[in-house]
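Each step along the sequence shown adds one to the number in the numbering used here, with nothing skipped, and position 203 is 205.
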Amino acid sequence: MSGVAWLSHLRVLDAGTTPATRYCGWMFVQNGATVVDAGSTGPEVTAEAADFLDTGKQTGPPEGSFDVILVDDGSAADLSGTTLVGRIERFGERGPRAQWVSDELVLAALGGAAEYTRSRDGRPVYGFGLRYQYLAGLYLYVGLAAALTEPGTTREVAVSEFETVVSLLPYATTQYAYNGSESLLEQSGPRFVVGCRDGWIVVYAGLAWPALVGLLGRDDLIEDVRFVDLDNRFRNVDVLAALFDEWGARSTVAAALQAAAEHDVAATAVRSPAEVLADPDLAARDTWHHVRGGGLAPSLPYLVTSEGITS
3 MSGVAWLSHL RVLDAGTTPA TRYCGWMFVQ NGATVVDAGS TGPEVTAEAA DFLDTGKQTG
63 PPEGSFDVIL VDDGSAADLS GTTLVGRIER FGERGPRAQW VSDELVLAAL GGAAEYTRSR
123 DGRPVYGFGL RYQYLAGLYL YVGLAAALTE PGTTREVAVS EFETVVSLLP YATTQYAYNG
183 SESLLEQSGP RFVVGCRDGW IVVYAGLAWP ALVGLLGRDD LIEDVRFVDL DNRFRNVDVL
243 AALFDEWGAR STVAAALQAA AEHDVAATAV RSPAEVLADP DLAARDTWHH VRGGGLAPSL
303 PYLVTSEGIT S
């Protein structure tokens, strides 16, 4: 529990089975609402995820009235009275994929996000977790919280998981018009995961070219037209990647980061999950919290303003 109580006057019925719907219910719990769990976990929700998503929810028959009801795609909900319905849809209620089902990987692939999370040789790379579905649940929570500020004007808020993925992506058409690049690996500037002798670092190469030349130790490239301007740098990103690979292979992580600092180039070490969880600065900011059954989970971000809302 977060200790935030600005929604303590609300009763929410979580009748969902999907990660997104149940994450929305978890968000209401974290902001003080009473959430009654009347759903069940679907096949995508592991036991560990269920333990996290059900934290703080009450179990039992859904008796009494509710201010908000959370349901899955295709579930019937009573729209009579003043109850606000929150619904998670896979692909939206209309269109060629309206009846499709999906999981996290399908959403990432069809939504275009899988193209951004791949290795340099094109192999897909996917991080653990249900991030797109959880984000859809967050979007639904935000939409419902906004609707509660104007009671009676909105009866149902629906969020498409597919559109949630699309909402995260940079503007590929704008990038192509700017520099002719069809690559989805870079946005504001090339970024490289560079292997060093004892580990890995990430380097941002969208900065002024002289700084990068100094870092690479390649004064002969200072006026190379392939890299001086950022648009040409994008067009020759594979060549530049090879230069960084050669540079990193000669250095340790510590030496590479020291050189990057000396030349004012943005770089950071790639850390393992264990190192991230053990980070004292993150721990001091309560970035993680312990969950039932053991382990850590991300905490609710700090609430900047909490004027409260009334139903």
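Glycine is no exception: its CB is placed at the ideal position from the N, C-alpha and C atoms.
- Cα atoms of residue 17 and residue 38: separation of roughly 9 Å, rounded to the nearest angstrom.
- Here the segment 237-257 makes contact with the segment 196-209; the two share three or more CB pairs at distances below 8 Å.
- Counting every other CB atom within 10 Å of its CB across the protein chains shown gives residue 228 a total below 16, marking it as exposed.
- Excluding its 5 nearest sequence neighbours in each direction, residue 7 has C-beta neighbours in its own chain below 7 Å: 34, listed in chain order.
- Looking from the CA of residue 71, the closest CA among 101, 64 and 88 belongs to 88.
- As computed with DSSP, residue 90 is found in a beta bridge with 161.
- Judged by beta-carbon spacing, residue 273 lies beyond the 7 Å limit of residue 53, meaning their Cβ atoms are not closer than that value.
- Assigned with DSSP and collapsed to three states, residue 227 falls in coil, not helix or strand.
- Residue 204 has its alpha-carbon roughly 18 Å from the corresponding atom of residue 281.
- Looking at the backbone, the Cα of residue 14 and that of residue 242 are separated by about 53 Å.
- Boundaries cannot be given for residue 293, as no beta strand (DSSP E) includes it and DSSP labels it neither H nor E.
- Put simply, the segment 148-158 does not touch the segment 105-115. Fewer than three CB pairs are less than 8 Å apart.
- With a cutoff of 7 Å on beta-carbon distance, residue 134 and residue 167 are scored as near each other.
- If you check the CB distance, residue 139 and residue 299 do not come in under 7 Å.
- In the three-state reduction of the DSSP assignment, residue 32 falls in the helix class, which pools H, G and I.
- At the C-beta level, residue 44 and residue 61 stay beyond 7 Å of one another.
- Annotated as distal: residue 251 and residue 217, with beta-carbon spacing of 7 Å or more.
- According to the DSSP assignment, residue 109 belongs to the alpha helix (DSSP H) that extends over 106-113.
- Residues of the same chain with a CB within less than 8 Å of the CB of residue 50, apart from the 5 flanking positions on each side, are 295 and 297 in chain order.
- Residue 194 has 205 as its beta-bridge partners, per DSSP.
- Comparing alpha carbon positions, the residue from 292, 254 and 267 closest to residue 215 is 267.
- In this chain, the beta strand (DSSP E) harbouring residue 269 covers 269-271.
- The three-state reading of DSSP puts residue 60 in strand, counting E and B together.
- By a beta-carbon distance limit of 8 Å, residue 161 contacts residue 91. Their separation comes to about 7 Å.
- A residue is called buried once 16 or more other Cβ atoms fall within 10 Å of its Cβ, and residue 182, having fewer, is exposed.
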